[in-house]
Structures are given as structure tokens and as C-alpha cells.
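Colleague:
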Amino acid sequence: MAYLDEKLQQQVSQFLQDLKDPVQLLIYPGPQSEYFQVFWDISQEVAQLTPLFSVATLDKAPELEPGHETGQSITGPIGILADKQHQETGIRYVGIPSGLEFGTFLEDIKALSTHHVTLSEKTQETLKQLGQPVHIQVFTTPTCRWCPRAVRLAHDMSLIQPHITADLIDSGTFNELAARYDVSSVPKSIFNGHVEILGAVPENEYLKGILNAALH
Numbered sequence: 001m002a003y004l005d006e007k008l009q010q011q012v013s014q015f016l017q018d019l020k021d022p023v024q025l026l027i028y029p030g031p032q033s034e035y036f037q038v039f040w041d042i043s044q045e046v047a048q049l050t051p052l053f054s055v056a057t058l059d060k061a062p063e064l065e066p067g068h069e070t071g072q073s074i075t076g077p078i079g080i081l082a083d084k085q086h087q088e089t090g091i092r093y094v095g096i097p098s099g100l101e102f103g104t105f106l107e108d109i110k111a112l113s114t115h116h117v118t119l120s121e122k123t124q125e126t127l128k129q130l131g132q133p134v135h136i137q138v139f140t141t142p143t144c145r146w147c148p149r150a151v152r153l154a155h156d157m158s159l160i161q162p163h164i165t166a167d168l169i170d171s172g173t174f175n176e177l178a179a180r181y182d183v184s185s186v187p188k189s190i191f192n193g194h195v196e197i198l199g200a201v202p203e204n205e206y207l208k209g210i211l212n213a214a215l216h
């Protein structure tokens with residue numbers, strides 16, 4: 001079964017034509033094989049459109065909540081982008097980046113490959129001075145029109161600062177995790193398990209969330 005029709009394939013191919021460095025997606029299957037297969041198949045279809053993107057499986061389960069484990073279990077696939085040195089980055093997909101988040105997925109590939117982010121120079125300089133690890137969990141749904149903006153900020157900030165791990169979380173697949181943080185509307189961003197931001201906020205407000213989490 002093909003997920004990308006001919007028109008979408010052309011759009012994706014055109015969007016990714018300016019890639020520079022190779023990018024790899026590593027997928028940990030998780031316990032639900034059907035969700036993994038969908039994630040794998042969609043990613044492979046993207047990989048067929050550019051020689052600079054590839055997909056592989058991850059045998060060892062990643063930490064679901066690095067630095068602040070709450071005992072939640074992995075209930076679906078987890079994807080992690082790796083750079084040209086095959087080093088894992090902080091860009092992660094906890095569940096399938098489907099619906100409107102598929103565009104975010106493509107933007108992530110391009111941002112990592114071209115080393116280009118949409119953040120201001122001031123924000124980038126502040127992030128580079130961050131000395132503490134921060135884990136961002138952005139809870140989303142495939143039809144949420146505001147979610148891609150929140151995820152874009154989180155993932156771009158992770159690209160600038162390796163201490164930041166930023167998760168795009170599918171609230172439906174990881175519903176137990178969403179319930180843990182009382183997610184009733186999206187996007188909802190959680191920083192290190194205790195700082196919360198609801199909605200798609202401006203860049204400077206999102207940066208404050210990171211700094212508050214790092215300080216407390």
C-alpha cells in the first residue's frame with residue numbers, strides 16, 4: 001500500500017531537492033507492529049525520493065522521558081533523526097508524524113541536512129549558552145493546525161543546542177503519557193516534566209520555558 005500518491009511524491013521530491021548532508025531516521029518498533037509498519041513504509045517512500053535520506057531500525061529502546069522518568073511505558077514506535085556522522089540528534093517522533101505533522105517531519109529532515117533553522121540570532125545565542133539538559137515533550141494530534149508551529153520551535157531549538165531533546169508526541173498512540181500530563185488540548189509542551197506551555201506561543205515565550213526548566 002502506497003501512502004504518498006503521485007502528486008504528493010512530486011511535492012515531497014521538490015521540497016527535498018536542496019538537501020546537502022545525509023540524514024537517517026532510526027525507528028524503534030515498540031510493541032504495536034502495525035504502527036511501526038506504517039511509520040516504516042511512509043519513511044521508506046520518502047527515502048525513495050532522495051538519496052540523502054535513509055531509514056533503519058533501532059534495536060535498543062530509547063528512554064521515553066530522559067532525565068525525568070515517570071514510569072510510563074512505550075506504547076508505539078519512536079523515531080530519532082541521525083546526522084551525517086550517524087549520531088542521534090535530539091529530534092524525536094514519539095508515534096507516527098502523520099497528518100499535518102508529516103510536513104513537520106519533512107521540514108526536520110531539511111533543517112538537519114541544510115543546517116538551517118528559523119530561529120532568531122538572539123535566540124540561537126541564548127540556546128548555545130544552555131548548560132543543562134532539557135527534555136521537551138510536544139503533545140499533538142494529526143489534525144491540529146497549531147501543533148506544527150510548536151514542534152518546529154522545539155526541534156529547531158534542539159538542532160542549535162544538543163542538550164535539548166525534543167519529542168513530537170502523537171497523543172492518540174501514547175494516550176497514557178498524554179493522560180499523565182493532563183493533555184486535554186493541543187499543542188501542549190512539557191519541559192523536564194514540570195514546566196508547561198499551552199498552545200503555539202511566540203519564540204521568546206518558548207525559550208522562556210526552556211530556561212525555566214533548566215534552572216529548576
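In full-length UniProt numbering, the protein residues as written are 1 to 216. Ideal placement from N, C-alpha and C gives every residue a C-beta, glycine not left out. Remember, predicted model here, so these are calculated numbers, not experimental data.
1) Thinking just about the alpha-carbon of each residue, which of 213, 156, 26, 45 is nearest to the one in residue 1?
2) Is it buried or exposed, residue 184, if we count other Cβ atoms within 10 angstroms and call 16 or more buried?
3) Could you give the distance in angstroms between the alpha-carbon of residue 134 and the alpha-carbon of residue 216?
4) Can you tell me which of the three DSSP states residue 184 falls into?
5) Going by C-alpha distance, which of 169, 153, 146, 158 is nearest residue 203?
6) Relative to the C-alpha of residue 18, which candidate in 174, 110, 100, 91 has its C-alpha closest?
7) Ignoring anything shorter than 3 residues or poking outside the segment 68–139, list the beta strand (DSSP E) runs there in chain order.
8) Under a three-way DSSP split, which group does residue 171 fall into?
9) Are there 16 or more other CB atoms within 10 angstroms of the CB of residue 178, so buried, or fewer, so exposed?
10) For the candidate residues 65, 40, 47, whose alpha-carbon lies nearest to that of residue 9?
11) For residue 26, does the three-state DSSP call read helix, strand or coil?
12) Sort 181, 80, 97 by Cα distance to residue 170 and report the nearest one.
13) Between which residues of its own chain and residue 55 is the CB-CB distance below 6 Å, once the five residues before and five after are set aside?
14) Is it right to say residue 108 is buried, meaning 16 or more other beta carbons lie within 10 angstroms of its own, or is it exposed?
15) Verify whether the separation of the beta carbon atoms of residue 112 and residue 23 is less than 9 Å.
16) Please tell me whether residue 26 has its Cβ less than 9 Å away from any Cβ of chain B.
17) So residue 136 and residue 164 are supposed to be a Cβ contact under 8 Å. How far apart are they, rounded?
18) Hey, is the segment 184–195 in contact with the segment 143–159, meaning 3+ C-beta pairs nearer than 8 Å?
19) Just tell me which of 210, 87, 52 has its CA closest to the CA of residue 106.
20) Please report the straight-line C-alpha distance between residue 124 and residue 156, rounded to a whole angstrom.
21) Which residue comes first and which comes last in the beta strand (DSSP E) that contains residue 196?
22) Which class does residue 2 belong to by DSSP, given the choice of helix, strand or coil?
23) State the Cα-Cα distance for the pair residue 87 and residue 80, rounded to the nearest angstrom.
Modeller: With the structure as the only source:
1) 45
2) exposed
3) 11 Å
4) coil
5) 153
6) 110
7) 78–82, 88–94
8) coil
9) buried
10) 47
11) strand
12) 97
13) 25, 43, 44, 47
14) buried
15) yes
16) Although the question refers to chain B, the structure presented lacks it and comprises just one protein chain.
17) 7 Å
18) yes
19) 52
20) 9 Å
21) 195–198
22) coil
23) 10 Å
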